[in-house]
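Structure first, commentary second.
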Amino acid sequence: MKTIFFIIGLVIFVFLTNEFGIENIVINIQKTGWWLLPIIGVWFIVYLMNALAWWFVLKSQRKKVSFLEIFSISLSGFAINYITPVVNLGGEPYKIIALKEKLGIHKAVSSVLLYSMLHFLSSFVFWIMVILLMFLTIPLSFDLQIILGAGFIAAVLGVLFFYSRHKNGIINSLIKIISKLPFTTKLITKIKLEEDSLITIDNQIVDFYGNNKFDFYISLMFEVAARFVASIEFIFILRAIGINISFQEALYINAFSSFVMNIFFFVPLELGVREGSLYFIMNILKFSSGIGIYIGLVNRIREFFWIFIGLLLIQLRKTNLPNKEVINYADIK
Numbered sequence: 001m002k003t004i005f006f007i008i009g010l011v012i013f014v015f016l017t018n019e020f021g022i023e024n025i026v027i028n029i030q031k032t033g034w035w036l037l038p039i040i041g042v043w044f045i046v047y048l049m050n051a052l053a054w055w056f057v058l059k060s061q062r063k064k065v066s067f068l069e070i071f072s073i074s075l076s077g078f079a080i081n082y083i084t085p086v087v088n089l090g091g092e093p094y095k096i097i098a099l100k101e102k103l104g105i106h107k108a109v110s111s112v113l114l115y116s117m118l119h120f121l122s123s124f125v126f127w128i129m130v131i132l133l134m135f136l137t138i139p140l141s142f143d144l145q146i147i148l149g150a151g152f153i154a155a156v157l158g159v160l161f162f163y164s165r166h167k168n169g170i171i172n173s174l175i176k177i178i179s180k181l182p183f184t185t186k187l188i189t190k191i192k193l194e195e196d197s198l199i200t201i202d203n204q205i206v207d208f209y210g211n212n213k214f215d216f217y218i219s220l221m222f223e224v225a226a227r228f229v230a231s232i233e234f235i236f237i238l239r240a241i242g243i244n245i246s247f248q249e250a251l252y253i254n255a256f257s258s259f260v261m262n263i264f265f266f267v268p269l270e271l272g273v274r275e276g277s278l279y280f281i282m283n284i285l286k287f288s289s290g291i292g293i294y295i296g297l298v299n300r301i302r303e304f305f306w307i308f309i310g311l312l313l314i315q316l317r318k319t320n321l322p323n324k325e326v327i328n329y330a331d332i333k
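As structure tokens, then:
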């Protein structure tokens, strides 16, 4: 199974590299120079903090799996997410498969779900903080105030939603929503066959928030902090071409581009969306808009590096993933 993940990932990686253009990659690497090292290094710290957040989610299961394993699985999961078209959640099934042998299927699924929910929650918290900072520190046109105000309301609603799901569970709510959709009779029948497993997983999600609030908020803190650290990348990218920006401006660039990319999550591989969002935010910050295109190109080069490392770790992991087992519906396909 791990070889299948590796081969599929490698094929998509080669396709993306070819689409981006080897010559284009080389030109931008030369333009960025040695600054590419700290740009890549920033994301090592980000991935480390992501793994720490997941580590605290595991709570009592930490003795069964080492932090290095969690870091490796987490990094590989993000690599698969990057190359998954349309919805960047392809790495979640891999994480479940990688953990199920040591944790059991219920704990593996609940820990991956919990971390994914925290990951999304941290996005909304980060956007709220940065939007408030923008309102307080930079002059905004009326149109931008309306856009940011709408974004702020959406982020607050997102925080409230994910808090409620941590408190009350998410699977039962999803089943209720699915059951109201047309042509889902067969799907609901399959779900009911696995109802006990799904209830167990949902209870574990609720239990984590209800009885482990310290670990919950530590995990959330690491996730939010990781987003602040990731913003440093933009300082290094622009330093490479002789432009100095403040950390505050780097936060604006990161928050705005990530917000737009999440709105257009359905665009395959974020093609054009990232570059467009960076083009727009650089214009708002009174820089040449074209610089946003360069930032997007360097972002993708950094992603290519970590995708390759993540895919390589899948193949190098010592623990063999099950070859013939088929994950049933409760494993969250």
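Just so we're aligned, residue 1 is where the sequence shown starts under the numbering used here, counting upward by one. Beta carbons are placed, not taken as given, at the ideal position from N, Cα and C, and that holds for glycine.
Only counting the same chain, and skipping five residues up and downstream in sequence, which positions put a Cβ closer than 8 Å to that of residue i?
| i | result |
| --- | --- |
| L144 | I284 |
| L148 | I131, M134, F135, L140 |
| V326 | Because the pLDDT of V326 is 42, which lies under 50, any placement of that residue in the model is unreliable, and the question is left without a value. |
| I309 | L75, A79 |
| G210 | K167 |
Who are the Cβ neighbours of residue i in its own chain at under 7 Å, not counting the five residues just before and after it?
| i | result |
| --- | --- |
| Y279 | S289, G292, I293 |
| F152 | I128, I131 |
| I295 | F234, I237, L278 |
| W55 | R62, F67, I70 |
| Y94 | F5, S76, G77, I80 |
| M261 | E270, V273, R274, S277 |
| A255 | F126, W127, V130 |
| P38 | F236 |
| E23 | none |
| N212 | K59 |
| S257 | R274, S277, L278, I281 |
| A250 | S231, I232, F234, I235 |
Let me make sure I understand the geometry here. Which of the options has the alpha-carbon closest to that of residue i?
| i | options | result |
| --- | --- | --- |
| N28 | I301, Q315, L312 | I301 |
| L198 | E92, A79, I105 | I105 |
| H166 | L157, D202, V156, Q61 | D202 |
| S110 | V57, R62, G272 | V57 |
| T200 | E303, I245, G169 | G169 |
| V159 | F142, S123, I138 | S123 |
| V343 | K100, A155, F142 | Any question about residue 343 goes unanswered here, given that the chain covers just 1 to 333. |
| A150 | R274, I40, F259, E270 | F259 |
| S96 | T84, I73, I83 | Note on residue identity: the sequence assigns Ile, not Ser, to residue 96. Closest option to I96, Cα to Cα, is I73. |
| F162 | I232, L36, F216 | F216 |
| R274 | L251, K286, V298 | V298 |
| K59 | E249, I307, A108, A255 | A108 |
| W35 | I232, E249, F264, S257 | I232 |
| Q204 | S257, I40, L114 | L114 |
| A230 | G33, I40, D207 | I40 |
| Q248 | F44, I45, T137, G33 | T137 |
| T84 | L312, K286, F287, F265 | F265 |
| S286 | F44, I307, W306, I245 | The question names Ser, but residue 286 in the sequence shown is Lys. With distances taken between Cα atoms, K286 lies closest to I245. |
What does a CB cutoff of less than 6 Å around residue i pick up in its chain, not counting 5 residues either side in sequence?
| i | result |
| --- | --- |
| L316 | none |
| K102 | K64, V65 |
| K31 | none |
| V112 | E92, K95, I96 |
| V42 | I232, E233 |
| K100 | A108 |
Problem - Cβ contact (3+ pairs, closer than 8 Å) linking the region 217–226 and the region 117–132 - result: In short, these stretches touch, since the Cβ pair count reaches three.
Problem - Cβ contact check for the region 290–305 and the region 234–241: 3 or more pairs under 8 Å - result: yes
Handout entry: 4 or more residues per run - each alpha helix (DSSP H) lying fully within the region 232–318
Key = 232–239, 247–263, 273–284, 291–316
Practice task
Could you pull out every unbroken alpha helix (DSSP H) segment of at least 4 residues lying fully inside the region 46–123, listed in chain order?
Solution key: If we require 4 residues or more, the alpha helix (DSSP H) runs fully inside the region 46–123 come out as 67–82, 91–103.
Practice task
Could you say if the region 226–233 and the region 45–53 meet the contact criterion of at least three C-beta pairs nearer than 8 Å?
Solution key: They touch, by the three-pair rule.
Exercise for the section: Jot down the residue ranges of each uninterrupted beta strand (DSSP E) in the region 199–237, minimum 3 residues, whole runs only, in chain order. Expected result: none
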